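Asker:
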Amino acid sequence: MQRKVIISCAVTGSADSPGKNPAVPVTPEQIAQSSIDAAKAGAAVVHIHVRDPHTTKPSMDGALYREVVERIRSSGTDVLINLTTGPGARFEHDPQDPTKAGPASTLRGPEERVKHVLELRPDICSLDMGSLNMGSRVFINTPAHLQTMAIAIRDTDVLPELEVFETGHLLLAKRMIETGHIKGPGMFQICLGIAWGQPATPEAMTYMRSLLPPASPWFAFGISLHQFPMVAQAVLLGGHVRVGLEDNLYLAKGKLAPSNAALVEKAADIIAILGDTVATPAEAREILGLTAARN
453 MQRKVIISCA
463 VTGSADSPGK
473 NPAVPVTPEQ
483 IAQSSIDAAK
493 AGAAVVHIHV
503 RDPHTTKPSM
513 DGALYREVVE
523 RIRSSGTDVL
533 INLTTGPGAR
543 FEHDPQDPTK
553 AGPASTLRGP
563 EERVKHVLEL
573 RPDICSLDMG
583 SLNMGSRVFI
593 NTPAHLQTMA
603 IAIRDTDVLP
613 ELEVFETGHL
623 LLAKRMIETG
633 HIKGPGMFQI
643 CLGIAWGQPA
653 TPEAMTYMRS
663 LLPPASPWFA
673 FGISLHQFPM
683 VAQAVLLGGH
693 VRVGLEDNLY
703 LAKGKLAPSN
713 AALVEKAADI
723 IAILGDTVAT
733 PAEAREILGL
743 TAARN
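Heads up, the sequence shown is in the working numbering, so the first residue is 453 and it goes up one at a time.
#1: For Lys-568, is the classification buried or exposed, using 16 other Cβ atoms within 10 angstroms of its Cβ as the cut-off for buried?
#2: Decide if Glu-481 is buried, meaning its Cβ has at least 16 other Cβ atoms within 10 Å, or exposed.
#3: Near Val-693, which residues of its chain fall below 6 Å by C-beta distance, leaving aside the five closest residues on each side in sequence?
#4: Could you say which of Lys-707, Glu-735, Ile-723 lies nearest to Pro-760 if we only look at CA atoms?
#5: Please list the segments of the alpha helix (DSSP H) lying wholly inside the region 581-627, counting only runs of 4 or more residues, in order along the chain.
#6: Which runs of the alpha helix (DSSP H) at least 4 residues long sit entirely within the region 634-705? Give them in chain order.
#7: Could you tell me which residues DSSP puts in a beta bridge with Ser-466?
#8: Which residue wins for smallest C-alpha separation from Ser-557, given the options His-633, Gly-674, Met-586, Pro-665?
#9: What do you reckon, is the C-beta of Ile-483 under 7 Å from a heavy atom of the ligand SAH?
#10: Val-521 and Asp-513 - do their beta-carbons sit closer together than 8 Å?
#11: Quick test of the definition: if touching needs 3 or more C-beta pairs under 8 Å, does the region 617-629 touch the region 644-651?
#12: Excluding the five sequence neighbours on either side, which residues of its own chain have a C-beta within less than 8 Å of the C-beta of Cys-677, listed in chain order?
#13: Go ahead and label Pro-550 buried or exposed: buried means 16 or more other beta carbons lie within 10 angstroms of its beta carbon, across all protein chains shown.
#14: Closest to Gly-741 by C-alpha separation, out of Asp-489, Gly-471, Gly-638, would be which residue?
#15: Beta-carbon separation of Asn-534 and Val-498 under 8 Å?
#16: Checking the sheet assignment: what are the DSSP bridge partners for Ala-553?
#17: According to DSSP, is Lys-456 part of a helix, a strand, or is it coil?
#18: Give the single residue among Pro-681, Leu-688, Ile-488 whose Cα lies nearest to the Cα of Trp-670.
#19: Measure the C-alpha to C-alpha separation of Val-610 and Leu-570 and round it to an integer number of angstroms.
#20: Ordered along the chain, which non-local residues of its own chain (more than five positions away) have a Cβ less than 6 Å from that of Gln-454?
#21: Across which residues does DSSP place Ser-511 in a beta bridge pair?
#22: Can you give me the Cβ contacts of Ser-711 inside the same chain, cut-off strictly under 6 Å, excluding the 5 residues immediately before and after it?
#23: Spatial neighbours of Ala-713 within its chain, please: CB distance less than 6 Å, with the 5 preceding and 5 following residues excluded, ordered by chain position.
#24: Report yes if the CB atom of Pro-681 is closer than 8 Å to the CB atom of Gly-674, and no otherwise.
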């Protein structure tokens with residue numbers, strides 16, 4: 453029996469990637485248009501970060517988020533909007549004084565990290581369910597901060613995408629569902645291949661899936677060269693998929709992706725080859741238990 457598989461497209465992230473692939477969108481207009489194009493290619497969800505248009509660096513400017521959201525909503529597409537809450541969690545030590553934050557740290561309070569979500573009321577927002585050594589820095593999400601963010605998201609009636617980079621994150625998410633900080637059954641995003649989290653392997657995805665609450669819809673992705681193998685693996689295991697230029701800059705080995713839409717189209721082809729069909733935004737809302745599109 454054919455299953456409806458949701459494609460989520462992460463259109464631009466926080467990495468220093470615009471200089472590596474000119475297709476990575478930077479300005480609000482570019483991010484919105486890339487989201488709309490991804491939706492036309494088959495993405496039912498678009499996951500959105502914003503960048504400083506002048507420096508291309510990651511930003512937490514609420515006005516940038518607002519412009520992106522308004523452009524997408526006014527375009528006529530009913531794609532589900534998923535805003536990140538990840539910025540504001542990076543930490544590195546000051547090399548001269550390890551008791552202080554270094555110049556690359558971006559730590560912010562939980563209220564600031566969800567402010568744009570409360571103001572714009574997207575369908576979905578990400579919630580990174582723990583801390584992690586990420587490359588040379590630390591990605592910090594303390595349980596107390598996560599509880600504050602989760603309550604604000606819950607009370608705004610936005611669906612949190614519970615991003616889990618290793619098993620401890622998943623177990624904490626389950627605990628916060630039990631305590632009522634997060635509405636059950638929870639929607640999970642299994643994030644694979646990020647240093648130093650779970651590797652992008654079939655065994656790692658299968659194990660993470662085995663720990664999920666039984667009724668929880670779930671997505672998975674792998675970064676870089678693992679993106680499309682993990683698309684196939686997630687479909688085979690009964691999950692939904694995420695692709696996009698946030699996670700991977702290439703369409704094939706040695707071939708830069710020309711757009712987010714091209715990555716979505718390739719994911720859609722994989723889903724079709726495996727015998728399933730791509731979910732529309734309306735079908736995605738039904739699968740995820742959401743109401744009609746927000747204006």
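For every residue, glycine included, the Cβ atom is placed at its ideal position computed from N, Cα and C. Note that this is a predicted model, so its numbers are computed, not measured.
Answerer: Result, derived from the coordinates:
#1: According to the sequence displayed, residue 568 carries His and not Lys. Flag for His-568 reads buried.
#2: Exposed, by the Cβ-count rule.
#3: The answer, listed in chain order, is Ile-459, Val-683, Ala-686, Ala-719.
#4: Lying outside 453 to 747, the shown extent of the chain, residue 760 is not represented and no answer is given.
#5: Taken in chain order, the unbroken stretches of alpha helix (DSSP H) that lie wholly in the region 581-627 and span 4 residues or more are 595-607.
#6: Within the region 634-705, the complete alpha helix (DSSP H) runs of at least 4 residues are 654-662, 679-688.
#7: Under DSSP, no beta-bridge partner is assigned to Ser-466.
#8: Checked all of His-633, Gly-674, Met-586, Pro-665; the closest Cα to Ser-557 is Met-586.
#9: The ligand SAH is not part of this structure, which contains no ligands at all.
#10: Cβ distance not < 8 Å, so Asp-513 and Val-521 don't count as in contact.
#11: Flag = yes, the region 617-629 and the region 644-651 touch.
#12: The sequence given here places Leu at residue 677; Cys does not occur at that position. Result list for Leu-677: Asn-700, Tyr-702, Lys-705, in chain order.
#13: Burial state of Pro-550 is exposed, judged by a 10 Å Cβ sphere holding fewer than 16 other Cβ atoms.
#14: Proximity to Gly-741 across Asp-489, Gly-471, Gly-638 peaks at Gly-638, based on C-alpha coordinates.
#15: Contact flag set, yes.
#16: DSSP output for Ala-553 lists His-545 as bridge partner(s).
#17: Strand, per DSSP.
#18: That would be Leu-688, whose Cα lies nearest to the Cα of Trp-670.
#19: Note on geometry: alpha-carbon atoms of Val-610 and Leu-570 lie some 9 Å from one another.
#20: The residues Asp-728, Thr-729, in chain order, have a CB closer than 6 Å to that of Gln-454 in the same chain once the five nearest residues on each side in sequence are set aside.
#21: Looking at the DSSP assignment, Ser-511 forms a beta bridge with Val-502.
#22: Short of 6 Å from the beta carbon of Ser-711, and not among the five residues preceding or following it, lie these beta carbons of its own chain, in chain order: Ala-475.
#23: Excluding positions up to five away in sequence, the list reads Asp-489, Ala-490, Ala-493.
#24: Yes. Within cutoff.
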